[in-house]
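Number of protein chains: 2
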Amino acid sequence: MNALILIVEDEEDILELMEFNLGREGFETIGFLNTKRVAEVLAEEKVDLILMDRNLPGTEGSEYIASLRRQGINTPVIFISAKDKDEEIEQGFERGGDDYLTKPFRMKELVLRVKAILRRTQKTSNEGNITYRDITLNLASRTLIIENAPIELTKLEFDLLYALISNQNIVLDREYLLEHVWGGDEMYQDRTVNVAINRLKEKIDPDKSKEYIKTVRGVGYTLC
Amino acid sequence: MNALILIVEDEEDILELMEFNLGREGFETIGFLNTKRVAEVLAEEKVDLILMDRNLPGTEGSEYIASLRRQGINTPVIFISAKDKDEEIEQGFERGGDDYLTKPFRMKELVLRVKAILRRTQKTSNEGNITYRDITLNLASRTLIIENAPIELTKLEFDLLYALISNQNIVLDREYLLEHVWGGDEMYQDRTVNVAINRLKEKIDPDKSKEYIKTVRGVGYTLC
DNA sequence: CATTAAGGTCACAGTTTGATTACAATAGTT
DNA sequence: AACTATTGTAATCAAACTGTGACCTTAATG
Numbered sequence: 004m005n006a007l008i009l010i011v012e013d014e015e016d017i018l019e020l021m022e023f024n025l026g027r028e029g030f031e032t033i034g035f036l037n038t039k040r041v042a043e044v045l046a047e048e049k050v051d052l053i054l055m056d057r058n059l060p061g062t063e064g065s066e067y068i069a070s071l072r073r074q075g076i077n078t079p080v081i082f083i084s085a086k087d088k089d090e091e092i093e094q095g096f097e098r099g100g101d102d103y104l105t106k107p108f109r110m111k112e113l114v115l116r117v118k119a120i121l122r123r124t125q126k127t128s129n130e131g132n133i134t135y136r137d138i139t140l141n142l143a144s145r146t147l148i149i150e151n152a153p154i155e156l157t158k159l160e161f162d163l164l165y166a167l168i169s170n171q172n173i174v175l176d177r178e179y180l181l182e183h184v185w186g187g188d189e190m191y192q193d194r195t196v197n198v199a200i201n202r203l204k205e206k207i208d209p210d211k212s213k214e215y216i217k218t219v220r221g222v223g224y225t226l227c
Numbered sequence: 004m005n006a007l008i009l010i011v012e013d014e015e016d017i018l019e020l021m022e023f024n025l026g027r028e029g030f031e032t033i034g035f036l037n038t039k040r041v042a043e044v045l046a047e048e049k050v051d052l053i054l055m056d057r058n059l060p061g062t063e064g065s066e067y068i069a070s071l072r073r074q075g076i077n078t079p080v081i082f083i084s085a086k087d088k089d090e091e092i093e094q095g096f097e098r099g100g101d102d103y104l105t106k107p108f109r110m111k112e113l114v115l116r117v118k119a120i121l122r123r124t125q126k127t128s129n130e131g132n133i134t135y136r137d138i139t140l141n142l143a144s145r146t147l148i149i150e151n152a153p154i155e156l157t158k159l160e161f162d163l164l165y166a167l168i169s170n171q172n173i174v175l176d177r178e179y180l181l182e183h184v185w186g187g188d189e190m191y192q193d194r195t196v197n198v199a200i201n202r203l204k205e206k207i208d209p210d211k212s213k214e215y216i217k218t219v220r221g222v223g224y225t226l227c
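These protein sequences, in sequence, are chains A and B. Under the numbering used here, the first residue of the first sequence is numbered 4, with each subsequent residue one higher. Under the numbering used here, the first residue of the second sequence is numbered 4, with each subsequent residue one higher.
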């Protein structure tokens, strides 16, 4: 679940530099040279942070943000601007900025400030993640991401994968799985586990190239 | 509900200046010349923000914050420091800083950055607006706006949507909803939730084109 | 290499689950 | 009191999920 950062910057080379540096840190970026299509994207995509230049052709970046704020859009904003006078910076914050970086700035510092804001605003959604190799399981949202792509699982499949991933390197036998994943009262055959495991394998690794789940013959299954 | 700001700064005159300027803006402040009694105060009072100098006698401010973070204390922090090298700033952010101000700094800018952080971290508790995509919920007036158009909800529907929207990306099961939306004492069937959800869906998305509320089969519902 | 036991694959049917609708009970309003 | 809005419950329907059995494949062992 990588953060999506929307950037508005009219100097094309700076925009590219920003996108490159943020991309290298694992962020997804959408860059614009002006504000024309920004509102559209904000309505369609879940943008986590906006980087906004103030000196744009035609528009004043902080005024644009103020208008977004009036529409109830609360996406965090970092202003990037050559305007470094006290009153100008004040204006930026008052129009709804969360941070303010004056040009020229160091890319390193931009990245740090972006991370600091996202750490705070995204905290809740990033808690409760368990990972194994390129698999990420989020307990709260009950979602599974493999290689940055979401995959749908049924309740049983999710619970089963959760049991496996929270017991990495430990072989879970069928009895244990029936007990903990299916729940104790009903009686099931051991075969039931085989089929469920295979359905899970099919969903998380259709090509059978990853071999996440290892079968331990005569015992059970493990993620290792 | 004035925010309480804890300041650690070993230069007494700067500390006084900070307290004076922040006090003038309506903030309450507690100043310290070192970190000795800080943990104690954090345990007792609800501190909204920490301003932390890094060069303290005996202690290194960012290390101190890192140790607080390890204890699970998430209070926002602004570092104030003469350390302005790239790596030093990086270290500050990595140890859990939310912002970083290099000495010498302008009091005006400090106040702006303090306000910006408090605006974001206190938003939910102060302002009564919560949004999700094009939905805006106002707690105070108990009104719902979707795409700039007001929509009437019953009490139950409002409470239900509030539970969902304040737990975005988290799957809420029927038990949780019955407990938190309906209230604990009475006994209800799980089906009751289904019907209420569908009535809510019908009101907020009559065309069934938006798919705000996602059903998680076998578990519950979520806004994601 | 043959045998055998365990696991994989597949199709199907029963079960579970949720959506939808209608209706009744309740509370609030005029 | 009559009316209306609200909401819990029951009945019905459709879809999704999953257990099972039949059959196939694989791995271990001698």
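In this text, a Cβ means the ideal position worked out from N, Cα and C, and glycines have one as well. From a predicted model like this one, the values you see are computed outputs, not experimental measurements.
Judging by CA-CA distance, which residue of the options is the nearest neighbour of residue i?
i: Tyr-215 of chain A; options: A:Gly-221, A:Lys-204, A:Val-222; result: A:Lys-204
i: Leu-7 of chain A; options: A:Glu-66, A:Val-117, A:Glu-97; result: A:Val-117
i: Asn-5 of chain A; options: A:Ile-148, A:Val-196, A:Asp-208, A:Gly-221; result: A:Ile-148
i: Glu-19 of chain A; options: A:Phe-82, A:Gly-34, A:Thr-62, A:Pro-60; result: A:Gly-34
i: Pro-242 of chain B; options: B:Glu-15, B:Asp-89, B:Ile-120, B:Lys-49; result: In this structure chain B extends from 4 to 227, so residue 242 of chain B is not present and cannot be described.
i: Glu-160 of chain A; options: A:Gly-64, A:Gly-131, A:Thr-195; result: A:Thr-195
i: Asn-244 of chain A; options: A:Phe-96, A:Ala-119, A:Lys-106; result: The structure shown does not extend to residue 244 of chain A, since chain A spans only 4 to 227, so no value can be given for it.
i: Lys-213 of chain B; options: B:Glu-182, B:Tyr-135, B:Leu-104; result: B:Tyr-135
What is the rounded straight-line gap between the Cα of residue i and the Cα of residue j?
i: Asn-170 of chain B; j: Lys-217 of chain B; result: 13 Å
i: Ile-173 of chain A; j: Tyr-179 of chain A; result: 12 Å
i: Arg-3 of chain B; j: Glu-48 of chain A; result: This structure cannot speak to residue 3 of chain B, because chain B is shown only from 4 to 227.
i: Phe-108 of chain B; j: Tyr-191 of chain B; result: 60 Å
i: Leu-52 of chain A; j: Ile-76 of chain A; result: 11 Å
i: Val-184 of chain A; j: Ile-92 of chain B; result: 47 Å
i: Leu-140 of chain B; j: Asn-151 of chain A; result: 31 Å
i: Asp-188 of chain B; j: Leu-121 of chain A; result: 40 Å
i: Arg-40 of chain A; j: Val-11 of chain A; result: 10 Å
i: Gly-223 of chain A; j: Asn-201 of chain A; result: 13 Å
i: Asn-197 of chain A; j: Pro-79 of chain B; result: 49 Å
i: Ser-84 of chain B; j: Leu-104 of chain B; result: 6 Å
i: Asp-210 of chain B; j: Ala-166 of chain A; result: 39 Å
i: Glu-112 of chain B; j: Thr-146 of chain B; result: 36 Å
i: Ala-119 of chain B; j: Leu-156 of chain A; result: 40 Å
i: Glu-63 of chain A; j: Gln-94 of chain A; result: 12 Å
i: Lys-86 of chain A; j: Leu-71 of chain A; result: 21 Å
Would you check if the distance between the CB atom of residue i and the CB atom of residue j is smaller than 8 Å?
i: Leu-25 of chain B; j: Val-114 of chain B; result: yes
i: Ala-69 of chain B; j: Gly-99 of chain B; result: yes
i: Met-55 of chain B; j: Phe-82 of chain B; result: yes
i: Leu-175 of chain A; j: Thr-225 of chain A; result: yes
i: Asp-102 of chain A; j: Asp-102 of chain B; result: yes
i: Asp-193 of chain B; j: Arg-177 of chain B; result: yes
i: Glu-22 of chain B; j: Thr-32 of chain B; result: yes
i: Leu-36 of chain A; j: Asp-13 of chain A; result: yes
i: Lys-206 of chain B; j: Ile-154 of chain B; result: yes
i: Arg-123 of chain B; j: Arg-123 of chain A; result: yes
When the cut-off is 8 Å and only beta carbons count, does residue i lie next to chain B?
i: Gly-186 of chain A; result: no
i: Ser-3 of chain A; result: Here chain A covers residues 4 to 227 and nothing more, so residue 3 of chain A does not appear.
i: Arg-57 of chain A; result: no
i: Gly-75 of chain A; result: yes
i: Asp-87 of chain A; result: no
i: Lys-118 of chain A; result: yes
i: Gly-29 of chain A; result: no
i: Phe-96 of chain A; result: yes
i: Arg-194 of chain A; result: no
What would DSSP say about residue i, mapped onto helix, strand or coil?
i: Thr-195 of chain B; result: helix
i: Tyr-179 of chain A; result: helix
i: Leu-3 of chain A; result: The displayed coordinates of chain A run from 4 to 227. Any statement about residue 3 of chain A would go beyond what the structure contains.
i: Glu-150 of chain A; result: coil
i: Thr-134 of chain B; result: strand
i: Asp-102 of chain A; result: strand
i: Ser-84 of chain A; result: strand
i: Ile-76 of chain B; result: coil
i: Thr-124 of chain B; result: helix
i: Asn-170 of chain B; result: coil
i: Lys-217 of chain A; result: strand
i: Met-190 of chain B; result: coil
i: Phe-96 of chain B; result: helix
Within the 8 Å Cβ cut-off, does residue i reach chain A?
i: Leu-115 of chain B; result: yes
i: Asn-129 of chain B; result: Summary for Asn-129 of chain B: the model assigns pLDDT 47, below 50, so the residue's position carries little reliability; its value from the coordinates is reported in the next sentence. Chain A contact via Cβ: absent.
i: Glu-93 of chain B; result: yes
i: Val-50 of chain B; result: no
i: Val-174 of chain B; result: yes
i: Val-222 of chain B; result: yes
i: Asn-132 of chain B; result: yes
i: Pro-153 of chain B; result: no
Report yes if the C-beta of residue i is less than 7 Å from at least one heavy atom of the ligand PLP; otherwise report no.
i: Asp-210 of chain A; result: For the ligand PLP, the structure offers nothing, since it holds no ligand at all.
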